[in-house]
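Asks: In my numbering, the protein residues as written are -2 to 273. C-beta: ideal position from N, C-alpha, C; glycine also. Quick caveat, the model's predicted, so the values are computed rather than measured. Just dropping this structure here.
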Amino acid sequence: MYRNDTVYYPQDEMTTFLLPVTSGCSYNKCVFCSMYKDDKYGEVPFSDIEMQLVNGYTYTEKVFLTGADPISIGFDKMKRLLDMIHQHLPYCACVASYASIKNISKYSVEELSILHDAGLRLLYIGFETGRDDILKLMNKSHTVNEAVKQAKKLNESKIPFDSIIMYGIAGEGESVDNAVATSKMINQFMTNRVITMNLTVSHGAELENMIKRGDFISPNRTERLVEIRTLLENLEPKQPMIFDTTHPTNIIKIKGTLPQDKKRLIDKVTNLIKVL
Ligand code: SF4
């Protein structure tokens, strides 16, 4: 079960107290992903979770819930979980977690507000792209409209979130259009940070077969860099927002705050394009 699973977490949570909540992925159908392909979805029993907390360091300030999408356990269990964390780790000011648009949609704004007040203070969400045709091609379980709707609910309930997007995902010749559409989507809500990931073809993922069949052609390096630059050019955040390409998959590592660092970041991407 979950004790033998590979544990995935954002690089910023490397030193955070990791608390297993689910194993596998409740969806497990995105064609570019093979992370949980062989794992059965399941919930970690509350008795096990409590045992981890009892043995935790009392002065822990942050907890990251592990699992593909721990909020899949639903409102009642999430509230119970957050209360349990608060009971055993009273100095914990932030509980963070991955979350999918599909599962956020199962919560009302009121429920999300209650979870915020109980300590849920950061979500990492895979938006991937702002194009419906690409979401469909990648077999994501949401549409752009749904993504914007759920993001606005989080804004209303005051739960901060980071938006993970993936360049290269639209395929050869589509990157500029994808960047424009993705920026347009993100410009409709407030997010702490845009985290970019570079599309990589994982062994065992359905995307690997799509490429073999010629149903998907990956864009080259230059096109991917142009996609990052186009994103930067088109992002117009309503409040300061971090733009972060430091995830290991990226072909350029840059980080800054928009709008003030926009020119500096664009120049860095342009300089790399020139030397390719
Ligand atoms: S990308 Fe996320 S939601 Fe999609 S299959 Fe992988 S873990 Fe599950």
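(1) Return the first residue and the last residue of the alpha helix (DSSP H) that residue 118 is part of.
(2) For the 8 Å Cβ check, are there 3 or more pairs between the segment 49 to 60 and the segment 3 to 14?
(3) Taking the beta carbon of residue 175 as the centre, do at least 16 other beta carbons fall within 10 Å, making it buried, or is it exposed?
(4) How big is the Cα-Cα spacing for residue 68 and residue 94?
(5) Let me know the secondary structure DSSP gives residue 96 once reduced to three states.
(6) Determine whether the beta carbon atoms of residue 104 and residue 72 lie at a separation below 9 Å.
(7) Sort out for me which residues DSSP pairs residue 273 with in a bridge.
(8) Where does residue 241 fall in DSSP's three states?
(9) Could you check what DSSP says for residue 141 in three-state terms: helix, strand or coil?
(10) I need the DSSP call for residue 213, collapsed to helix, strand or coil.
(11) The beta strand (DSSP E) spanning residue 133 covers which residue range?
(12) Are the beta-carbon atoms of residue 196 and residue 215 separated by less than 9 Å?
(13) So the alpha helix (DSSP H) residue 223 belongs to, where does it begin and stop?
(14) Under 9 Å between the Cβ atoms of residue 239 and residue 189?
Replies: Reading it off the structure:
(1) Looking at the DSSP string, residue 118 is not in any alpha helix (DSSP H); the run it does join, the beta strand (DSSP E), is 117 to 125.
(2) Yes, the segment 49 to 60 touches the segment 3 to 14.
(3) With 16 or more other Cβ atoms within 10 Å, it is buried.
(4) Inter-residue distance for residue 68 and residue 94 is about 8 Å (C-alpha atoms, whole angstroms).
(5) In the displayed model, residue 96 falls within a strand according to three-state DSSP.
(6) Yes. Within cutoff.
(7) Residue 273 is not bridged to any residue.
(8) Secondary structure of residue 241 (DSSP, three-state): strand.
(9) DSSP places residue 141 in the helix class (H, G or I) of the three-state scheme.
(10) Three-state DSSP puts residue 213 in coil, outside helix and strand.
(11) No beta strand (DSSP E) contains residue 133, which is instead part of the alpha helix (DSSP H) from 129 to 134.
(12) Taking the C-beta atoms as reference points, residue 215 is found nearer than 9 Å to residue 196.
(13) Per DSSP, residue 223 belongs to the alpha helix (DSSP H) from 218 to 231.
(14) Result yes, Cβ atoms of residue 239 and residue 189 sit closer than 9 Å.
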